Amino acid sequence: MSVKDFIEKDYYAALGVPKNADADAIKKAYRKLAVEFHPDKNKGDAAAEERFKEISEAHAVLSDQARRAEYDEVRATSASGGYRNPGAGAAGASGGFDFSDLFGGAGSPSGGFGDVFGDLFGGGRGQGRRRGPRRGDDYETQTSISFVEGIDGATVSLRIATDAPCSVCAGSGAQPGTRISQCGTCQGSGQVSRNAGGFAFAEPCSACHGRGRVVETPCSTCRGRGIAAQTRTINARLPQGVRDGQRIRLKGKGGAGEPGAPAGDLFVTVKVAAHKLFTRSGKNLTMTVPLSFSEATLGADVKVPTLHADAVTLRIPAGTSSGKTFRVKGAGVKNSKTGDGDLLVTVEVAVPQRLTESMKAAVEAFKDATAEMDVRADLFGEQ
Ligand SMILES: [Zn+2]
Ligand SMILES: [Zn+2]
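In our numbering, the protein residues as written are 1 to 383.
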């Protein structure tokens with residue numbers, strides 16, 4: 001007989017007695033049925049033989065006080081879906097039940113059985129299987145930094161409403177000046193194993209709530225939880241090169257854990273402001289610099305600002321087209337690991353919108369001087 005039998009079979013129904021029937025009633029019912037379905041009286045009747053077996057099995061269990069108690073508990077527990085993964089030591093404590101029946105799955109009836117054992121051996125949904133003190137919660141927050149801070153990294157102050165270690169008891173949960181001792185129920189492990197219906201259940205120790213220690217007098221501020229709600233200001237260092245919208249994980253800066261458990265993490269979503277001159281492109285910075293027509297044509301030394309250092313002078317060669325890009329090495333995003341990026345300067349020839357008389361005369365003269373030049377010659381060459 002296995003636990004599976006216990007769950008599947010209704011021995012009370014088999015004997016036709018109520019669940020609270022006493023030993024006498026069970027004995028009486030069994031005798032009556034045993035006589036009726038005895039193989040000697042029902043030769044060749046397979047159904048009667050089957051029924052006789054059923055009656056005998058029911059009687060064997062229900063007439064034995066200890067086994068009946070086990071049977072009742074297994075039925076009650078399985079009906080409520082309360083099975084949990086047996087913890088360490090389950091094999092030793094299995095009380096002679098056949099666990100292999102459970103694993104095999106052969107002949108698994110439809111109905112609740114599969115669900116019960118899915119929970120039992122499927123493992124790891126973790127519901128209600130908390131072991132020991134709880135890790136702190138993770139927190140989310142956001143912060144805004146300037147463009148330059150995004151490039152260089154920045155130390156930011158983050159104000160967060162969060163669970164923090166209780167300041168009165170320093171997170172121990174004990175009223176200051178009182179003793180904390182090891183839990184005598186679980187010997188400090190935080191877990192106890194309970195034996196029920198042949199299963200060993202590992203569960204958090206109820207005496208210490210899984211903490212392994214007990215406080216004599218709980219802290220009156222946090223009622224022994226060791227955790228109190230607080231507004232905290234956290235100074236955090238954001239790394240170099242944070243991009244707009246990036247989510248940074250600050251390990252251990254989240255909610256405090258229960259005594260003995262680690263704190264959660266803090267996740268910071270960073271908004272990086274735009275810059276009026278520079279745009280980020282990976283590790284490089286880009287910018288657009290206007291050139292006058294004469295600078296582009298004759299060439300010029302042009303002063304260009306950089307994000308960090310002084311302005312640099314860019315040598316624009318004669319005959320530079322609008323849209324040409326120049327590279328200023330090392331003037332991009334600082335990165336101590338992968339090396340600094342570059343500043344990419346794209347020039348754009350500025351066309352004057354208003355001309356004075358003398359400017360107009362100069363341009364007219366230029367036009368006459370270049371009358372022989374056809375800038376669109378390529379469009380109408382040999383096809
Ligand atoms: Zn406290
Ligand atoms: Zn305990």
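Idealized CB from N, CA, C, for every residue including glycine.
Note that this is a predicted model, so its numbers are computed, not measured.
Asked: Contact under 8 Å by Cβ, Ala-48 with Asn-42; Found: yes
Asked: Check: Gly-226 C-beta below 7 Å from any heavy atom of ligand 1; Found: yes
Asked: Met-373 classed as buried or exposed, judged by whether at least 16 other C-beta atoms fall within 10 angstroms; Found: exposed
Asked: DSSP-derived helix/strand/coil call for Tyr-11; Found: helix
Asked: Cutoff 7 Å; reference Val-17; Cβ partners in own chain excluding five residues on either side; Found: Ala-25, Ile-26, Ala-29
Asked: Cβ-heavy atom distance, Thr-178 to ligand 1, below 7 Å; Found: no
Asked: Between the CA atoms of Gly-173 and Arg-223 - distance to the nearest angstrom; Found: 7 Å
Asked: C-beta contact flag for Thr-320 and Ala-296 at 8 Å; Found: yes
Asked: Distance CB(Pro-133)-CB(Ala-261) smaller than 8 Å; Found: yes
Asked: Paired residues, beta bridge with Asn-284 - DSSP; Found: Ser-281
Asked: Cross-strand partners of Thr-155 (DSSP beta bridge); Found: Arg-237
Asked: Buried versus exposed, by CB contacts within 10 Å (16 or more), Leu-285; Found: buried
Asked: At least 3 beta-carbon pairs within less than 8 Å: the segment 165-182 vs the segment 55-70; Found: no
Asked: Cβ neighbour criterion (16 or more within 10 Å) applied to Ala-256; Found: buried
Asked: Coil, strand or helix - Pro-176 by DSSP; Found: coil
Asked: Whole-angstrom distance between Cys-205 and Gly-124, CA atom to CA atom; Found: Model confidence at Gly-124 stands at a pLDDT of 39, short of 50, so the residue's coordinates are unreliable; what they give is reported in the following sentence. Their Cα atoms are separated by approximately 20 Å.
Asked: Supposed contact pair Gly-252 and Pro-165 - C-beta distance, whole angstroms, cut 8 Å; Found: About 12 Å separates the two Cβ atoms, so there is no contact after all.
Asked: Proximity test, Gly-260 beta-carbon vs ligand 2 heavy atom, cut-off 7 Å; Found: no
Asked: Span separating the alpha-carbon of Ala-365 from that of Val-156; Found: 60 Å
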